[in-house]
Amino acid sequence: MMTIHAHPDDESSKGAGSVAMYSDAGVIASLVCCTGGEEGDILNPAMDLPEVKENLAKVRRDELARAAEIIGYKHVHYLGYRDSGMPDTDANENPDCFANAPLEEAVERLVRIIREERPHVIVTYPDDQQGYQHPDHLRVFDISLPAWEAAGDSSKYSESGDPWTPLKLYYTTWSRARIEALHNMFLKLEIESPFNEAWFDRPSQDHRITTKIDVSDFSQRRTDALLAHATQVDPESPFWFGLPSDKSAEAYPWDDYILAFSRVGPIGNETDLFEGLA
13 MMTIHAHPDD ESSKGAGSVA MYSDAGVIAS LVCCTGGEEG DILNPAMDLP
63 EVKENLAKVR RDELARAAEI IGYKHVHYLG YRDSGMPDTD ANENPDCFAN
113 APLEEAVERL VRIIREERPH VIVTYPDDQQ GYQHPDHLRV FDISLPAWEA
163 AGDSSKYSES GDPWTPLKLY YTTWSRARIE ALHNMFLKLE IESPFNEAWF
213 DRPSQDHRIT TKIDVSDFSQ RRTDALLAHA TQVDPESPFW FGLPSDKSAE
263 AYPWDDYILA FSRVGPIGNE TDLFEGLA
């Protein structure tokens, strides 16, 4: 399987439990990280140091290596672009940023990796990202579908490896049900919830969810992977760590996915990303 993410830390906050579960079961998992995360804010006061700021790209690369090992990724690939920064910031104008990369160039880079890794299942970002419109997250979607379609076509990008046809393409999503369940667990335990009204105002994609993976046994792995991103994740963050891992898993034990495209036919409601594959 292959997951495609925008920045270092995204692989830990989106679907890490699923990848850990499949990796432990013997699935070869590969990660594509499209940028170096150079524009990320330092959110952990303990890491807000001059030497960290001066070498942020290297620090974040090292953090990703540790997180990927914790999760169980066998291979990590960088697509090679610079972080585009948040919308309407100066970083958006950098010619080397992912959002400004020529589409064909970025698609070819991804096709080359797909053909090298030969995944049966690919997980990427959804077509509808109204809740969080980071330029790099939008660009991940922009390149994923063309690469999915081209990877198995021998007439496309013929110098980028032998054709390989992946069988299923999923979108990862944070469901409204997940947010509500975690919010309610905070209230049940009489802990202040980090989920304010803005979270509940975000458009819901719950009606599109096709696949729910029980990752309750892997919640601590996800926590450990997040903590490996020491610049990006404050260990005191109530959003990530306000609930103990076991209580978080009790409240909502699933990773949620939308099956976007399948070459093995419609499956219906799934509990396994590999359903329908021999």
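Per our numbering, the sequence shown runs over residues 13 to 290. Beta carbons: idealized from backbone N, C-alpha and C, even for Gly. On a predicted model such as this, the values are computed, not experimentally measured, just so you know.
- The C-beta separation of Y269 from Y182 comes to about 4 Å, placing the pair in contact by the 8 Å criterion.
- By the 16-neighbour rule on beta-carbons within 10 angstroms, K26 is buried.
- Residue burial is scored here from C-beta neighbours: I16 has at least 16 other C-beta atoms within 10 angstroms and is therefore classed as buried.
- Listed in chain order, the non-local C-beta contacts of D218 below 6 Å within the same chain comprise S187, R188, A189, local neighbours out to five positions each way being set aside.
- Counted as a single uninterrupted DSSP element, the alpha helix (DSSP H) harbouring K259 occupies residues 257-263.
- Boundaries of the alpha helix (DSSP H) around T235: 231-240.
- For the pair M197 and P250, the Cα-to-Cα distance works out to about 13 Å.
- Separation of E117 and E248 (C-alpha to C-alpha, rounded to the nearest whole angstrom) is 40 Å.
- In this structure, DSSP gives K180 an extended state, which the three-state scheme calls strand.
- Per DSSP, reduced to three states, the secondary structure at G29 is helical.
- As the crow flies, the alpha-carbon of E202 is around 15 Å from that of E192.
- A direct Cα-to-Cα measurement between W211 and L194 gives close to 12 Å.
- If you draw a straight line from the Cα of P131 to the Cα of K70, it comes to about 28 Å.
- In the DSSP assignment, I191 falls within the alpha helix (DSSP H) that extends over 188-200.
- Minimum Cα-Cα distance from L285 among the listed residues R94, S167, K224 corresponds to K224.
- By the 16-neighbour rule on beta-carbons within 10 angstroms, D102 is exposed.
- Exclusion of the five residues before and after R220 leaves I270 as the residues of its chain whose Cβ lies within less than 6 Å of its Cβ.
- Between the alpha carbons of L199 and S205 lies a distance of about 7 Å.
- The C-beta distance from S30 to L238 rounds to 15 Å, too long to fall under 8 Å, and the pair is not in contact.
- Under the DSSP assignment, H87 falls in the beta strand (DSSP E) whose first and last residues are 87-93.
- In the DSSP annotation of this structure, the continuous segment of the alpha helix (DSSP H) that includes F253 starts and ends at 250-253.
- Bridge pairing for Y34: absent [DSSP].
- Separation of the CB atoms of P178 and I126 is rounded to 7 Å, and the pair is thereby assigned contact status at 8 Å.
- By the Cβ-count criterion, A32 is buried, with 16 or more other Cβ atoms from all chains shown falling within 10 Å of its own Cβ.
- L115 sits away from C45, with the two beta carbons spaced by 8 Å or more.
- Around the Cβ of E51, a 10 Å sphere holds 16 or more other Cβ atoms; the residue is buried.
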